[in-house]
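> One structure, pasted below without further comment.
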Amino acid sequence: MNRIIVWSITVALAGFLFGFDTVVISGANEPIKQLWNTSPLFHGTFIMSMALWGTVIGSLFGGIPTKNLGRKKTLLWVGILFLVSALGSALAQDPYSFSVFRFIGGVGVGISSVAAPIYISEITSKENRGKLGGLYQFWLVFGILMAFVSNWLLKGFDGVNDWRWMLGVEAIPAFIYTAMVLTVPESPRWLALHKKDDAGALKILEIIHPKEKAAQQLLEIKTDLQHSKKSESLFQRKYSKVLWLAFFIAFFNQLSGINFVLYYAPEILEQAGLGGKESLFNSIAIGIVNLVFTFIGIRLLDKLGRRQLIIIGSIGYIISLIMVGLCFQMDLGSTLTITFICTFVASHAIGQGAVIWVFISEIFPNSVRAYGQSWGVSVHWVFAAIITLITPFFLDASEGIFKDQVWFIYYFFCAMMILQLIWAITKMPETKGISLEELSKELVKE
């Protein structure tokens with residue numbers, strides 16, 4: 003069991019790079035805008051969104067290397083992509099090369115959010131799948147926090163070049179992660195399905211389960227694979243239920259407004275009346291709240307279950323988004339605003355944040371899991387990219403649609419979370435404590 007935890011932690015470190023890479027841009031946002039004098043359209047399309055479009059591409063096609071190269075080799079390449087992106091972005095001399103390197107990092111994020119959750123779900127037992135699968139989200143949130151801390155520490159470090167250090171420092175964890183991935187084994191389910199290596203799969207399963215149970219688990223995997231075609235298409239009627247489940251949990255994740263808050267935290271807090279350095283410091287407070295409540299959510303995943311956490315999180319979203327909207331609309335002050343933004347982040351962390359990657363990785367059958375994960379993750383990132391792309395048109399103080407009147411956006415996200423609550427109560431199944439093969443039988447009807 004200890005080795006399973008070590009492997010899960012190692013692979014989940016991709017989440018750290020994911021979180022760091024996607025949020026580190028928040029500290030470099032304004033300096034880059036001033037350096038290259040970018041318009042809201044260019045800034046939203048290239049500087050802020052290019053990494054997200056890379057993430058969309060990585061998530062859309064990430065199922066291909068995950069299935070064909072294997073989970074381990076794919077994760078190794080993810081580390082290399084992050085390394086190249088960090089160094090290239092930091093050294094970029096113009097907005098175009100900068101955008102290219104941010105795009106490369108985005109591809110790494112997209113592929114990692116396909117391969118890492120799948121790997122963890124396939125090497126863990128049904129009793130611990132939620133808790134260990136949640137490590138990916140924990141490291142993701144820790145990466146977000148460290149990006150905020152790093153940006154705060156480096157602001158003023160090298161004057162106009164602060165942003166280069168903010169982006170370049172990611173090369174250190176990227177190198178460490180790449181080296182660590184070399185120490186983990188391949189997924190037993192991938193070995194059995196694609197390499198026909200039953201002996202290798204059994205060897206790993208015997209570390210996860212007692213010897214007799216490992217043999218039984220291998221038999222279940224083989225039986226499950228015999229009932230499915232190796233090159234089966236994901237978009238078939240029998241998979242419609244799991245496709246819609248993955249779509250809606252990813253759709254609602256982004257329509258909660260979480261990336262809007264995280265990516266633009268310093269700007270939002272400045273609009274709430276906090277200064278530049280102070281807003282970065284309060285971004286760290288948001289990161290700490292995110293980390294603490296993610297840990298709580300992960301602890302509850304295998305106790306309360308995935309569905310119950312989504313319901314709890316939805317209620318928290320609705321209350322906090324109404325209050326944040328009122329704070330901006332009625333100018334209720336920065337203290338109350340930061341309090342309810344933190345409540346919003348806590349609601350996300352304990353609900354959607356803890357659940358999404360585990361849920362998507364476990365609802366698809368073995369034969370199409372890589373492509374199913376790719377589908378769910380790509381939906382998530384398409385909406386993330388769209389929201390990030392259009393945000394400058396709303397937030398820009400001089401040219402934005404609402405100038406500094408951003409309260410309307412929070413009410414819109416609140417309405418979306420009311421819909422999520424209804425969906426979770428009426429449509430979302432519970433998946434805790436059920437093996438991947440058993441889930442396949444329950445959710446996919448021939």
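Here the sequence shown stands for residues 3 to 448, numbered as in this note's numbering. Note that the Cβ used here is the ideal one computed from N, Cα and C, for glycine as well.
So what does DSSP say about GLN238, is it helix, strand or coil?
Of the three classes helix, strand and coil, the one that applies to GLN238 here is coil, per DSSP.
> Buried or exposed: which applies to ALA30, given that a residue is buried once 16 or more other Cβ atoms fall within 10 Å of its Cβ?
Answer is buried; the Cβ neighbour count reaches 16.
> With distances taken between CB atoms, is the gap from ALA16 to VAL86 smaller than 8 Å?
Going by C-beta atoms, ALA16 is not nearer than 8 Å to VAL86.
> Give me the Cβ distance between PHE346 and SER322, rounded to the nearest whole Å; I'm assuming they're in contact under 8 Å.
The Cβ separation is near 4 Å, so the contact holds.
> Quick one: using the 10 Å Cβ neighbour count with 16 as the cut-off for buried, is THR126 buried or exposed?
Buried, by the Cβ-count rule.
> Any idea if VAL162 is buried or exposed, counting beta-carbon neighbours within 10 angstroms, 16 or more meaning buried?
It is exposed - the Cβ of VAL162 has fewer than 16 other Cβ atoms within 10 Å.
> Go to VAL80, then tell me how far its alpha helix (DSSP H) extends in each direction, as first and last residue.
Residues 73-93.
> Measure the C-alpha to C-alpha separation of GLU234 and GLN219 and round it to an integer number of angstroms.
Approximately 23 Å, taken between the alpha carbons.
> Taking only the alpha-carbon atoms, compute the straight-line gap between SER41 and LEU142 and give it to the nearest angstrom.
For SER41 and LEU142, the distance between alpha carbons rounds to 31 Å.
> Looking only at its chain, what residues have a beta carbon closer than 7 Å to the beta carbon of ILE82, apart from the 5 residues adjacent to it on each side?
Counting only Cβ-Cβ distances below 7 Å, and skipping sequence neighbours, we find THR180.
> Identify whether LYS205 lies in helix, strand or coil by the three-state DSSP scheme.
LYS205: helix per DSSP, three-state reduction.
> Run the CB neighbour count on TYR98, radius 10 Å, all protein chains shown included, and call it buried at 16 or more, exposed below.
Exposed, since its Cβ has fewer than 16 Cβ neighbours within 10 Å.
> Run the CB neighbour count on ALA417, radius 10 Å, all protein chains shown included, and call it buried at 16 or more, exposed below.
That one is exposed.
> Alpha carbons only, please: which of ASP200, ALA426 and ALA386 is nearest the one belonging to VAL58?
Per the Cα distances, ALA386.
> So, does the CB of ASP23 fall closer than 8 Å to a CB anywhere in chain C?
No chain C appears in the structure shown, which is made up of a single protein chain.
> What is the residue span of the alpha helix (DSSP H) that THR428 lies within?
Per DSSP, THR428 belongs to the alpha helix (DSSP H) from 409-428.
> Helix or strand or just coil, what does DSSP make of LYS305?
The answer is coil: DSSP assigns LYS305 none of H, G, I, E or B.
> In terms of alpha-carbon separation, which member of ARG73, VAL291, SER258 and ALA53 lies closest to PHE467?
Because the chain is modelled from 3 through 448, residue 467 falls outside the range shown and cannot be assessed.
> What do you reckon, are the CB atoms on GLY299 and ALA356 nearer than 8 Å?
Their beta carbons are under 8 Å apart, which means GLY299 touches ALA356 by this criterion.
> Where GLN95 and SER51 are concerned, what is the direct C-alpha to C-alpha distance, given to the nearest angstrom?
Whole-angstrom Cα-Cα distance: 19 Å.
> With 16 other CB atoms within 10 Å as the buried threshold, where does MET332 fall?
By the neighbour-count rule (16 or more Cβ atoms within 10 Å), MET332 is not buried but exposed.
> Take ILE260 and list the residues in its own chain whose beta-carbon comes closer than 6 Å to its own, dropping the five residues that flank it on each side.
Cβ neighbours of ILE260 beyond the five flanking positions: HIS350.
> Decide if THR428 is buried, meaning its Cβ has at least 16 other Cβ atoms within 10 Å, or exposed.
It is exposed - the Cβ of THR428 has fewer than 16 other Cβ atoms within 10 Å.
> Nearest-angstrom Cα distance between GLN36 and TYR319?
Answer to the nearest angstrom: the Cα atoms are 34 Å apart.
> Is the beta carbon of VAL408 less than 8 Å from the beta carbon of PHE297?
Not in contact: VAL408 and PHE297 (Cβ atoms no closer than 8 Å).
> For PRO158 and THR339, what's the separation of their Cα atoms in angstroms?
Here the sequence assigns Gly to residue 158, which means Pro is not the residue at that position. If I take the Cα positions, the gap works out to 27 Å.
> Since TRP359 contacts TYR138 with CB under 8 Å, what's their CB separation in whole angstroms?
Confirmed, about 5 Å.
> Please state whether DSSP places PHE159 in a helix, a strand or coil.
Reduced to three states, the DSSP call for PHE159 is coil.
> Which residue's Cα is closest to the Cα of ILE420: PHE254, LYS240 and GLY56?
Measuring from the Cα of ILE420, the nearest candidate turns out to be PHE254.
> Where LYS128 and THR185 are concerned, what is the direct C-alpha to C-alpha distance, given to the nearest angstrom?
Taking the straight line joining both Cα atoms gives about 24 Å.
> For the 8 Å Cβ check, are there 3 or more pairs between the stretch 360-370 and the stretch 113-125?
Contact between the stretch 360-370 and the stretch 113-125 is present, because at least three Cβ pairs lie under 8 Å.
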